[in-house]
Amino acid sequence: MAGTRSTAGTAGRGAAARVRDMGTSIFTEMTDLARRTGAVNLGQGVPELDSPPALLKDAADALLAGSNQYPPALGFPSLREAVAAHQLRRYGLDYRPQGEVLITTGATEALASALLAFCDPGDEIIAFDPCYDAYAADARLAGARLVGAPLVLDGDGFALDADALRAAVSPRTRVLILNTPHNPTGKVFTADELAVIAEVCQEHDLTVVTDEVYEHLAYDGTRHVPIASLPGMRERTLTISSAGKTFNVTGWKIGWICGPAPLVAAVGAAKQFLTYASGTPYQEALARMLGSVEEWAGELRTTLRNHRDLLTDGLARAGLRPFRAEAGYFVQADVRPWGYADGVEFCRELPERAGVVAIPTSAFYLEAGAPAWLVRFSFCKREESIRTAVDQLVRAT
């Protein structure tokens, strides 16, 4: 009968191919394991640390004052001005607040909008492998293919493989995603490595989309350098960052993208049909806070560096082999000393064995042949949480 709904399952043809295999991720699985077992969750990078009190007060005041409707599509002028001032003050990058800065619903939306703006079906995008899992999903939504240029193990860290990067470029390559400081490895790309990447991008006329959300969280004197600041790179680079990691407000979802006006306009064309605009009271508060970010970020770096050292030392005492974390939230560890060749198996058994949850690094790799024995642990947690996790890991050996 016309208009009668089927009772045999979902009506219609079902999900589109672009999302059909996007099922439950290892992150959801591990978070559920932590909840069921009561294990200390060192899996996802959700900070347990405090936010700046002045920032929270400003957001509350803005909300109570009635700043609860749509902000301008490009973002509040005051926040765009604050972002531009930050880029000039910190990196010498001069962007016009009107036309060269766009406020987004977190860095995640900025990345998705950029790939939608610059990739057609069949195009290719290069990312350094392992990489944040949203890159592959965003590429797929754009109809493009994400190609991994592997980072190589280098002592207790990770390094650029220049030959692998050059080999990854094809006639279909349109975009290179550069994530530095890097998730999940904690690597900060060196000046020499950035020079190689810049050379490749200029040689092949690639647009660069950067993910710099950990820009303020580089430790031990390591310096973050935006690739847009290199000669010949500003005009082809979209620089993305956000407030979430810097101020421990990941739930606010306020990000920004800076670049030449034609590139930013293309991103805005895609972005306007995703969220249009969001976060009105948060944007107002961040416009005031961003000017004093250096003092706050210095204190946060000290806290996180101490937590990193506590976790790294604990992993080593537990018999695992930790890698160097130069920035960000995460430490990589080799779990083979515990008799595991597979990080997924290790992570599934760890909550019962040691009362700790971690994430297998294989979840971040694009290409075959990756080291399956790497596991990622998070240190953006309270000191009490890390100490408890360390004690339990040591007792489990």
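All the letters of the sequence shown, read from the start, carry residue numbers 0 to 396 under numbering that gives the first Met the number 0. Ideal Cβ placement from N, Cα and C applies to all residues, glycine included. Given the structure is predicted, the values throughout are model-derived calculations rather than measurements.
Residue range of the alpha helix (DSSP H) that includes residue i
{"i": "residue 112", "result": "105–117"}
{"i": "residue 295", "result": "292–316"}
{"i": "residue 383", "result": "382–395"}
{"i": "residue 87", "result": "76–90"}
{"i": "residue 342", "result": "342–353"}
{"i": "residue 96", "result": "96–99"}
{"i": "residue 35", "result": "25–36"}
{"i": "residue 195", "result": "190–202"}
{"i": "residue 56", "result": "52–63"}
{"i": "residue 68", "result": "Here residue 68 belongs to no alpha helix (DSSP H), and DSSP marks it neither H nor E."}
{"i": "residue 263", "result": "260–270"}
Between the CA atoms of residue j and residue i - distance to the nearest angstrom
{"i": "residue 222", "j": "residue 11", "result": "53 angstroms"}
{"i": "residue 19", "j": "residue 135", "result": "14 angstroms"}
{"i": "residue 244", "j": "residue 108", "result": "15 angstroms"}
{"i": "residue 350", "j": "residue 36", "result": "7 angstroms"}
{"i": "residue 186", "j": "residue 128", "result": "12 angstroms"}
{"i": "residue 309", "j": "residue 184", "result": "17 angstroms"}
{"i": "residue 262", "j": "residue 100", "result": "10 angstroms"}
{"i": "residue 239", "j": "residue 208", "result": "7 angstroms"}
{"i": "residue 259", "j": "residue 95", "result": "9 angstroms"}
{"i": "residue 6", "j": "residue 15", "result": "The predicted position of residue 6 is uncertain, since its pLDDT is 46 and thus under 50; no value can be drawn from it."}
{"i": "residue 2", "j": "residue 118", "result": "Note that residue 2 has pLDDT 44, beneath the 50 cutoff, so the model's placement of it is unreliable and the number below is only indicative. Taking the straight line joining both Cα atoms gives about 39 angstroms."}
{"i": "residue 52", "j": "residue 224", "result": "29 angstroms"}
{"i": "residue 236", "j": "residue 177", "result": "10 angstroms"}
{"i": "residue 397", "j": "residue 257", "result": "This structure gives no information on residue 397, because the portion of the chain shown stretches from 0 to 396."}
{"i": "residue 320", "j": "residue 214", "result": "26 angstroms"}
{"i": "residue 193", "j": "residue 366", "result": "22 angstroms"}
{"i": "residue 382", "j": "residue 57", "result": "27 angstroms"}
{"i": "residue 379", "j": "residue 300", "result": "11 angstroms"}
{"i": "residue 352", "j": "residue 358", "result": "15 angstroms"}
{"i": "residue 251", "j": "residue 242", "result": "8 angstroms"}
{"i": "residue 264", "j": "residue 86", "result": "19 angstroms"}
{"i": "residue 391", "j": "residue 317", "result": "9 angstroms"}
C-beta contact flag for residue i and residue j at 8 angstroms
{"i": "residue 27", "j": "residue 42", "result": "no"}
{"i": "residue 338", "j": "residue 106", "result": "no"}
{"i": "residue 281", "j": "residue 72", "result": "no"}
{"i": "residue 388", "j": "residue 39", "result": "yes"}
{"i": "residue 123", "j": "residue 89", "result": "no"}
{"i": "residue 81", "j": "residue 289", "result": "yes"}
{"i": "residue 46", "j": "residue 247", "result": "yes"}
{"i": "residue 369", "j": "residue 377", "result": "no"}
{"i": "residue 314", "j": "residue 332", "result": "yes"}
{"i": "residue 286", "j": "residue 78", "result": "yes"}
Bounding residues of the beta strand (DSSP E) (the contiguous stretch that carries residue i)
{"i": "residue 375", "result": "373–377"}
{"i": "residue 130", "result": "Neither: residue 130 is in no beta strand (DSSP E) and is coded neither H nor E."}
{"i": "residue 329", "result": "329–333"}
{"i": "residue 254", "result": "254–257"}
{"i": "residue 157", "result": "156–159"}
{"i": "residue 207", "result": "206–210"}
{"i": "residue 147", "result": "144–153"}
{"i": "residue 172", "result": "172–178"}
{"i": "residue 236", "result": "236–241"}
Candidates the options, of which the one nearest residue i by Cα
{"i": "residue 188", "options": "158, 176, 198", "result": "158"}
{"i": "residue 141", "options": "49, 156, 173", "result": "173"}
{"i": "residue 302", "options": "93, 326, 291", "result": "326"}
{"i": "residue 125", "options": "112, 59, 205, 97", "result": "205"}
{"i": "residue 218", "options": "82, 329, 161, 70", "result": "329"}
{"i": "residue 211", "options": "229, 170, 110, 166", "result": "110"}
{"i": "residue 74", "options": "116, 121, 287, 104", "result": "104"}
{"i": "residue 266", "options": "98, 242, 34, 156", "result": "98"}
{"i": "residue 284", "options": "348, 70, 353", "result": "70"}
{"i": "residue 198", "options": "227, 220, 171, 180", "result": "227"}
{"i": "residue 279", "options": "102, 25, 139, 121", "result": "102"}
Any C-beta of chain C under 8 angstroms from that of residue i
{"i": "residue 235", "result": "In summary, chain C is missing from the structure at hand, where a single protein chain is found."}
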